[in-house]
Amino acid sequence: MRLVLLGPPGAGKGTQAAKLSAHLSVPRISTGDILRHSVAEGTELGKKAKAYMDSGKLVPDELVIAMTERRLKEKDAKKGFILDGFPRTIAQAEALSKLTDLDAAVNLFLEPEELIKRNTGRRVCPKDDTVYHILMNPPKKAGVCDKCGTPLVIRADDREDVVRKRIETYEKQTAPLIKYYRDRGLLKEVYATGLIEEIFLRTIEALKT
Ligand code: AMP
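So, in structure tokens, the structure goes:
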């Protein structure tokens, strides 16, 4: 299965992508995670991307497209993938369409007020990228990753002012992709409120239609 996950920051793309990846036995490819690791490692790509990420803006298309193209060529992506956070612009969607066909684009949608709450309560494991939420999906032991015991961190771009900027960036640059995929008959709409498991079941049902 070759899937794209759309939705504003805080809609739960990372959480649902991880569940879908386990369920469908295909890799989750998160461009945000790849970029954050590049920043942490101080690579050339990371150095170029950091300022954009810290201010809630999109990293330029040419960098992200080249990075995603390289990742999609890896062996594990041959049997399918869940793209989490890519494409984010029409230019990225056009580039992706030249690289591969897709089975569906799932749009996780949610009221704007909910988004701020979701982002500001998010905690992530910097080692294995597991996503938690202090209220909705807390780790078993406060502050550490269930899987590897690494102390959890708050993403640099989850400060409320940056979250607002990321939502604005989403509305301007990424929301047009909903129509783009609807026009191509690939869009599946999923209401992303409720328990993680409920949203997951809704997504699985939507993929059957
Ligand atoms: P995410 O983890 O998906 O919320 O991404 C975090 C940040 O990484 C975004 O706010 C962007 O600055 C950058 N980023 C991730 N994916 C993309 C993309 N497809 N295009 C441009 N920038 C991206």
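Going letter by letter, the sequence shown gives residues 80 to 288 in our numbering. Even for Gly, the Cβ is constructed at its ideal location relative to N, Cα and C. Bear in mind the structure is a predicted one, so any value in this text is a computation, not a measurement.
Among the options, nearest to residue i - alpha-carbon criterion
{"i": "Ala-285", "options": "Val-185, Ile-113, Thr-110", "result": "Val-185"}
{"i": "Thr-288", "options": "Lys-267, Phe-279, Glu-276", "result": "Lys-267"}
{"i": "Lys-129", "options": "Arg-115, Asp-155, Asp-140, Tyr-259", "result": "Arg-115"}
{"i": "Arg-150", "options": "Lys-126, Gln-171, Ser-109", "result": "Ser-109"}
{"i": "Arg-167", "options": "Gly-125, Leu-280, Asp-140", "result": "Asp-140"}
{"i": "Thr-179", "options": "Ile-144, Phe-188, Leu-194", "result": "Ile-144"}
{"i": "Met-215", "options": "Gly-86, Thr-94, Asp-155", "result": "Thr-94"}
{"i": "Lys-226", "options": "Pro-205, Tyr-260, Ala-183, Ala-174", "result": "Pro-205"}
{"i": "Tyr-270", "options": "Phe-188, Leu-137, Arg-81", "result": "Phe-188"}
{"i": "Asp-207", "options": "Gln-171, Ala-183, Val-232, Lys-136", "result": "Val-232"}
{"i": "Ala-174", "options": "Lys-152, Leu-137, Glu-148", "result": "Glu-148"}
{"i": "Gly-135", "options": "Pro-191, Tyr-249, Asp-155", "result": "Tyr-249"}
{"i": "Ile-292", "options": "Thr-229, Gly-228, Lys-196", "result": "In the structure as shown, the chain starts at 80 and stops at 288, and residue 292 therefore has no counterpart that could be examined."}
{"i": "Thr-229", "options": "Lys-244, Val-241, Tyr-211", "result": "Tyr-211"}
{"i": "Met-80", "options": "Ala-183, Lys-244, Ala-170, Val-138", "result": "Ala-183"}
{"i": "Tyr-131", "options": "Ile-283, Lys-244, Gly-273, Cys-224", "result": "Lys-244"}
{"i": "Val-242", "options": "Leu-181, Lys-152, Leu-137", "result": "Leu-137"}
Assigned secondary structure, residue i (DSSP; H/G/I helix, E/B strand, else coil)
{"i": "Ala-183", "result": "strand"}
{"i": "Leu-176", "result": "Sequence check: residue 176 is Ser here, not Leu. Three-state DSSP puts Ser-176 in a helix."}
{"i": "Glu-268", "result": "strand"}
{"i": "Arg-263", "result": "coil"}
{"i": "Phe-165", "result": "coil"}
{"i": "Val-105", "result": "coil"}
{"i": "Leu-280", "result": "helix"}
{"i": "Leu-114", "result": "helix"}
{"i": "Leu-137", "result": "coil"}
{"i": "Leu-142", "result": "helix"}
{"i": "Leu-151", "result": "helix"}
{"i": "Leu-50", "result": "Past the edges of the chain, shown from 80 to 288, lies residue 50, and the structure says nothing about it."}
C-beta neighbour in chain C for residue i, strict 7 Å
{"i": "Glu-141", "result": "You won't find chain C in this structure, because it holds only one protein chain."}
Cβ-heavy atom distance, residue i to the ligand SAM, below 6 Å
{"i": "Pro-106", "result": "Because the ligand SAM does not appear in the structure shown, any question about it cannot be addressed here, the ligands present being the ligand AMP."}
Does the stretch 219 to 237 come close enough to the stretch 191 to 211 that 3 or more CB-CB pairs lie under 8 Å? yes
Please give me, in chain order, every unbroken run of the beta strand (DSSP E) with length at least 3 that falls completely inside the stretch 189 to 237. With a minimum length of 3 residues, the continuous beta strand (DSSP E) runs that stay inside the stretch 189 to 237 are 201 to 203, 210 to 212.
Taking 8 Å as the threshold, find out whether the stretch 99 to 107 comes into contact with the stretch 147 to 163 through three or more Cβ pairs. yes
With a cut-off of 8 Å, do at least 3 Cβ pairs link the stretch 80 to 95 to the stretch 263 to 281? The way I'd put it, the stretch 80 to 95 does touch the stretch 263 to 281; three or more beta-carbon pairs between them come closer than 8 Å.
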